[in-house]
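Chains as they are written, first to last, in our numbering: chain A, 22 to 422; chain B, 22 to 330; chain C, 194 to 465.
C-beta: ideal position from N, C-alpha, C; glycine also.
No experiment lies behind these values; they were computed from the predicted model shown.
Working notes, structure below.
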Amino acid sequence: MLLDALLLQLGYNATLVAIGAALLGTAAGITGTFLFLRKRALVSDAVSHATLPGVCIAFLLMAFAGGDGRNLAGLLAGSAVSAGIGLWCMNWLTRNTRLAEDAAIGAVLSVFFGFGIVLLTVIQTLGVGRQAGLEGFLLGSTAGMLYSDAVVIAAGGAVTLFLVLLTRRPMTLVAFDPEYAAARGLPVDRIDMLMMGLVMAVTVVGLKIVGLILIVALLIIPAVTARFWTERSEYVVLLAGLFGGVAAYLGAALSASAPNLPTGPLIVLVSFALFALSLFLAPNRGVLAAVLRHLRFQRRVHLRQGLLALAQGQAIYESLTLRLLRRADLVRADGVATGKGKARAAKALRDEQRWEVVRSDVTQEAAAALYDGLRDIETVLTRDQIQEIDRRIGGPREVAS
Amino acid sequence: MSGEEFVPLSLTPMLIGIFAAIACALPGNFLLLRRQALIGDAISHVVLPGIVVAFLLTGVIAAWPMMLGAAGAAIVAVVMIEAIRRLGRIEPGAAMGVVFTTMFAGGVLLLEQTDTSTVHLDVEHALYGNLESLIWLDATGWASLLDPQALRYLPSELPRMALTLLGVCLFTAVFWRALKISTFDEGFARTMGIRTNLLGLGLVITAAVAAVAAFDAVGSIIVIAMFICPPAAARMMTNRLEAQIAWSVLYAVLSAVLGYVLAGFGPLWLGGADAVSAAGMIATVSGVILAITARFGPCRGRSGAPAAA
Amino acid sequence: MSVEIVKTQPEDATISAQAQDAKIAQSPLAIRGLTVSYGEKPAVFSVDMTVEPGQMTAIIGPNGAGKSTLLKAALGIVAPVSGRVSVFGRSLAEQRARIAYVPQRASVDWDFPTRVIDVVLMGLYRELGLLGWIKGGHRAKALDCLERVGMGDFAARQIGQLSGGQQQRVFLARALAQGADLYLLDEPFAGVDAATEKAIISVLKSLREAGKTVVVVHHDLATVTEYFDRVFLINTRRVAEGPVAEAFTEETLQAAYGGRLATSQIDKLARA
């Protein structure tokens, strides 16, 4: 059953939904990257919650006009309008009042959602048509979906992805360095608006599959996940699209494989699994790598400081330093330096003196900027340059030990 | 309306609404000033997995296990957000988004997988509660407030919410000065010996307790609205923290009362037959208040340069 | 590679360990082997510092040399990778009440809903405790501190309505209210008007006259000789430390600033 689902063997609707979800996931991953890099990830939360009143009003209008209140395209159009109003309110609040963006996001999302709930109860009590299905927009539901709905979703996913690919260059520029983008004459404000437009498009198309509460996950998690793997902007965008697409496809397929497996939550949980793996295992920014690196770094700092203290005959106060020196056989148990320790200490002190020369030399600014107390001077200067410095500070002298 | 109708049908839901609104608005003031307004949003989303897990563990729908489950989930969420933020060096908003969507998704999935057909446990209830149903049928009028027999059948949400509010007030009063200093200038607060990390955690836990107690009666959506809207509206009215707190309490009460009345009687005035969601209406009213103060409040504009990032 | 063997006995190593300990015990702020790192690059590396009591010390160095970081680590605001800090010979935690800190002005949100007098009263936190009532005496003390920085008329103002220099003076008044013995100031003269600079320096000098110790992160090399008794030059490592006449020289400046300061400028400063 699961294999069937993954290979798109579960009927026409499920296949369309899975393809639509994958396209949408890819578009969401890419769009979300821009938001994330602009440090506005949670704006999407306000946008998605703000869709609810629009869905309800569209339903009421369509029902009163005598049509089928549940026409998906109509409902999605309504959701887009109210999401747009929500976005405008949010921008107005941050621009014209003293509220920070997080407060504006929270205000818009709670008030619009609350108003949407009021409208939902109105629909329930008015008894216009069967209101069944509107709740589906909260959590998404693809079970028993109409063929036409599946087509809307697949097409919506494709169009959104196409739009994202079309506009990715200016968006990347603005997301990474808005000031530089402005200096190059790009209309930053308008591109920001475009970005929000794409967020709205992703939200609206995703409403039926993932639901308005969880759609933010599609925009946030893949981008955050991708960031762990690379420092280069183009790759973050690509990877986020990939992670988003894979998670959405797997989630949709899994949910089609058995009853009682809602699509939205599964997509989110698959995304999170990818995120958790990346958080721990990514080579550079991953937690495991960072912990190991920090421990190594701390040991280097302590060893170096210990050697310098030995060289200058200063007392060493910290037990970690002493322990490390002892373990490296640089001092004896009673804290007196061994022969090897004396040699290494002398070298460390000498390197510091060499660095001092480098750092007070106007012509060596580039090399001096690399100083951090730990870097070996041999990695920065050539043998000849070091010899030149040694001549200036008076060459190595023998010490009677 | 006479006491015979008001006391049994409206007094308790109104009081519960008011207490819940104040309990959320008080810590909300500090969260707002600390740029952590969305913590309330995150907490209210993770309440769902908390109560589902509590139900799975105990097999019953009872107030205390579920509140413990919700509180546990809130703490897990806060710790996870902090861990992801620090370990992954990710900005707080994104870390929050990762955590609360995942936990909410887990809650929904668990709920779908569990047979809850025999009990009243669903997502909609967690989202917008059922304030209207918290009536006090044993009351016959104002005199019932002094009648021990009738008081025994008071909805248990009322004393629970009152107790929570008392706890929140106590926390705010005791740590008032420390909260104020560390919210304004964290580095300075640390040099004064204030444990700013612990205090921040305490604030978030207080907010979580308020959110958990409130969601049971009124649902998550007003919880988020009350964390943010009354303090935000109060911010437009004054430049003093003490006054801001007072305004926020006033707006919270106003939202709760007006929202409840409009939800209950508004449709009747408009010719409809049934009431609409009180929780949704309270959130809506708080939004209207915020809109009015944002447009006309005397202190709505920024003063002073915002802090450099 | 052959290991070089050099003399391991620089001049000041003749000071015995006991003398070192005595120096640490007397110093208002003694730092030993302090390394602070943001990520993998140390901002401050293995720094020793011994502040002399009753003197005004300037911490100077180029941008990004670790001046503010040094101060924050000394105060326990950022955690060091290694190193010890002692305040009046004891641990920082024991001596908190004797230190007052003036952070950089830009480190807080000035739109915070509070008045000038309330900010100064924050300096009395340790005296008031969690629940103590603010009495007339406390208010009078806070007002007096405001008067000393020339801000007595601004007590009831909202802090967002102040100019940059006025904000800086409010921060100084808050530190005065603490009644500390050691004052640590982070760039108090950055971006302030001349009147504020004069007011601040006269307050700092009066503190010194009262026997207090003052340490200032300072960026304006031109005023060092005029304002301070001692300097501490830092560029990730300690470059020089001592009385201005000895430690603030062409040679030490060259060492601290390297290529980042024109030679002519250094000449002028060293002569000043």
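Chain-order list of residues whose beta-carbon lies under 7 Å from that of residue i (same chain, five-residue window excluded)
i, result
"L279/B", "V306"
"M117/B", "L59, A63, I102"
"V199/C", "Note that V199/C has pLDDT 36, beneath the 50 cutoff, so the model's placement of it is unreliable and the number below is only indicative. No residues qualify anywhere along the chain."
Residues bridged to residue i [DSSP beta-bridge criterion]
i, result
"M242/C", "I224/C"
"F425/C", "I252/C, E434/C"
"Y272/B", "None, per the DSSP bridge assignment."
"V280/C", "L222/C, R283/C"
"T359/A", "For T359/A, which the question treats as bridged, DSSP gives no partner whatsoever."
"I292/C", "L375/C"
Proximal residues of chain A, C-beta to C-beta of residue i below 8 Å
i, result
"P235/C", "V322, D393, G394, L395"
"A215/C", "What A215/C touches in chain A: nothing, since even the nearest Cβ is about 12 Å away."
"A258/C", "Simply none; closest approach about 11 Å."
"A448/C", "E377, R380, S381"
Contact set between residue i and chain A, taken where Cβ atoms lie within less than 9 Å
i, result
"Q134/B", "N281, L282"
"R277/C", "Y338, E339"
Distance CB(residue i)-CB(residue j) smaller than 7 Å
i, j, result
"L295/A", "F301/A", "no"
"A449/C", "G254/C", "yes"
"V185/A", "V195/A", "no"
"S3/A", "L290/A", "Absent from the model: residue 3/A. The displayed extent of chain A is 22 to 422, so no value can be given."
"G46/A", "A369/A", "no"
"L331/A", "A366/A", "yes"
"L378/C", "T212/B", "no"
"L140/A", "C77/A", "yes"
"G137/A", "V231/A", "no"
"G362/A", "L345/A", "no"
"L375/C", "R291/C", "yes"
"L321/C", "V280/C", "no"
"L240/A", "G285/A", "no"
"W250/A", "L260/A", "yes"
"S220/C", "T228/C", "no"
"G135/A", "I242/B", "yes"
"I394/C", "G259/C", "no"
"M182/B", "A41/B", "yes"
"V220/A", "S340/A", "no"
Contact set between residue i and chain C, taken where Cβ atoms lie within less than 8 Å
i, result
"A199/B", "Y318, L323"
Residues near residue i by beta carbon distance below 6 Å, same chain, minus five either side
i, result
"H66/B", "F121, F125"
"M87/B", "I72, A75"
"T33/B", "L155, W157, P176, L179"
"P200/B", "The sequence given here places Leu at residue 200/B; Pro does not occur at that position. Contacts found: F51."
Beta carbon proximity, residue i to chain D, threshold 7 Å
i, result
"D304/C", "Absent from the structure is chain D; the protein chains it does hold are A, B and C."
Contact list for residue i against chain C, beta-carbon separation under 9 Å
i, result
"V195/B", "L323, L324"
"R353/A", "Simply none; closest approach about 16 Å."
"G214/B", "A286, R289, A290, Y318, R319"
"A497/A", "Residue 497/A lies beyond the residue range present for chain A, which begins at 22 and ends at 422; the question has no answer from this structure."
"I249/B", "Here the premise fails: no neighbours, minimum Cβ distance about 16 Å."
"L275/B", "Per Cβ cutoff of 9 Å: no residues; L275/B is ~20 Å from chain C at best."
Interface residues of chain A facing residue i [CB-CB closer than 7 Å]
i, result
"T442/C", "Ordered by position in chain A, no residue passes the 7 Å Cβ test against T442/C, which lies about 12 Å from the chain."
"Y149/B", "I138"
Other residues of its chain near residue i: CB distance less than 8 Å, five sequence neighbours each side excluded
i, result
"A368/C", "A293, Y294, V295, G316, Y376, L378"
"V297/B", "A284, G287, P288"
"D337/C", "none"
Residues that residue i contacts on chain B, provided the C-beta gap is smaller than 9 Å
i, result
"K60/A", "E112, G114, A115"
Chain C contact residues for residue i, given Cβ-Cβ distances below 7 Å
i, result
"L329/A", "S239"
| Sufficient close CB pairs (3 or more, under 8 Å) joining the stretch 90–97 of chain B to the stretch 222–239 of chain B | As far as the Cβ criterion goes, the stretch 90–97 of chain B touches the stretch 222–239 of chain B, which means the pair count is three or higher.
| query | Contact between the stretch 263–277 of chain A and the stretch 320–330 of chain A: three or more CB pairs below 8 Å? | reply | Contact fails between the stretch 263–277 of chain A and the stretch 320–330 of chain A, because fewer than three Cβ pairs, one in each stretch, are under 8 Å apart.
| Segment contact, 8 Å Cβ cut-off, at least three pairs: the stretch 254–264 of chain B with the stretch 104–111 of chain B | no
| query | How do the stretch 40–57 of chain A and the stretch 167–181 of chain A stand: do at least 3 beta-carbon pairs fall below 8 Å, yes or no? | reply | yes
| So, do the stretch 37–47 of chain B and the stretch 225–234 of chain B have three or more beta carbon pairs nearer to each other than 8 Å? | yes
| Between the stretch 239–252 of chain A and the stretch 46–66 of chain A, do three or more beta carbon pairs fall short of 8 Å? | yes
| field | the stretch 415–432 of chain C touching the stretch 245–252 of chain C, judged by at least three CB pairs closer than 8 Å | value | yes
| query | How do the stretch 346–353 of chain C and the stretch 295–313 of chain C stand: do at least 3 beta-carbon pairs fall below 8 Å, yes or no? | reply | yes
| task | Would you check if the stretch 399–413 of chain C and the stretch 322–334 of chain C touch, i.e. whether three or more CB-CB distances between them fall below 8 Å? | result | no
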